[in-house]
Amino acid sequence: MFFKLKKEKMRINIPIEIFREGNGTHLFIACTLNNRRVGELIIDTGASKTVFDTALLADEIQEISVNAFLSHFPENSHKILFAEIDDDELPEGISHDGIVSSGVNAPIEMKFGKLDRLRLGNQFEVTDYWVSLTNLNSVKDIYVHFGKFTILGLLGGDILAEYHATINYKRKLLMLDLPENENKAIN
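In terms of the working numbering, the sequence shown opens at residue 13 and continues consecutively.
Shown next as structure tokens:
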């Protein structure tokens, strides 16, 4: 379903599944990776980046080093992301092989990769998208009792913020605003 917002934006609505458990609410969205792998992402408004499970996607995404990852960004990115600093001078938790990010209970080692195609529901798609990769076994273990989900990763703040995401709990929708000139909506 598509709606026009003013003249410069288009809003798309993507169905989500909501599970309430005790005092918690869990949000899931269907996704397809590279037109082959089908499963769900956990919508994680606290995750700064979209993250995929390394083990599940070993055949879908090629892992790359931090230096290779940073080479795809503007020239001055290294000043912020430490690409040209020797390993022994890097801040704690960062190396040229990966970044150790903070998780809820412990540090998490992050790798990077480029996903050819990510589709959310049947309404939204991004191509050639840089993602973080890590072992998500502990996250998947939390959701195993929901039974029907194949958790591929976490939909994080990079996509949610870029497309001004709104979650409508009553209608069970993730709403994304697309600039008119971006063709990420699927007809």
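Built from N, CA and C at the ideal position, the CB exists for glycine as well.
The structure displayed is predicted, hence computed values, not measured ones.
Self-check item: Member of T44, M187 and K182 whose CA lies at the smallest distance from the CA of D128
Solution: Residue T44 is the option with its Cα nearest to D128.
Practice problem: Classify I28 as helix, strand or coil using the three-state DSSP reduction. | Solution: The answer is coil: DSSP assigns I28 none of H, G, I, E or B.
Self-check item: Buried or exposed (CB count within 10 angstroms, at least 16 for buried), R131
Solution: So R131 counts as buried.
Self-check item: Per-residue DSSP class, three states only, for F158
Solution: Correct three-state label for F158: helix.
Practice problem: Determine the burial state of T66: buried for a count of at least 16 other Cβ atoms within 10 Å of its Cβ, exposed for fewer. | Solution: Buried.
Practice problem: Would you check if the region 142-153 and the region 28-48 touch, i.e. whether three or more CB-CB distances between them fall below 8 Å? | Solution: Not touching, per the Cβ criterion.
Practice problem: Give the DSSP bridge partners of R183, in chain order. | Solution: According to DSSP, which records beta bridges pairwise, R183 is partnered with nothing at all.
Quiz prompt | Range of the contiguous beta strand (DSSP E) that encloses A42 | solution = For A42, the enclosing beta strand (DSSP E) begins and ends at G36 to L45.
Practice problem: Using DSSP bridges, identify the partner residues of Y141. | Solution: Answer is L127.
Quiz item: In chain order, what residues of the same chain lie with their CB nearer than 6 Å to the CB of L185, ignoring the 5 residues before and after it?
Solution: N25, listed in sequence order.
Quiz item: Which residues in the same chain have their Cβ closer than 7 Å to the Cβ of G165, if we skip the five residues on either side of it in sequence?
Solution: Result list for G165: L53, T62, V63, F64, D65 and L148, in chain order.
Quiz item: Do you know whose CA, among N180, E29 and K21, lies nearest F158's CA?
Solution: When the alpha-carbon of F158 is set against those of N180, E29 and K21, the nearest one is in E29.
Quiz item: With C-beta atoms as the reference, is I55 less than 9 Å away from I163?
Solution: No, these two residues do not count as a Cβ contact at 9 Å.
Practice problem: Could you work out which residue in D189, D140, I41 and F136 is closest to G125 when comparing CA atoms only? | Solution: The shortest C-alpha to C-alpha distance from G125 to any of D189, D140, I41 and F136 is the one to D140.
Practice problem: Pull up the distance between the alpha-carbon of P191 and that of D153, whole angstroms please. | Solution: Distance between the alpha carbons of P191 and D153 is about 37 Å.
Quiz item: D189: which of K182, R183 and Y175 sits nearest, CA to CA?
Solution: Residue Y175 is the option with its Cα nearest to D189.
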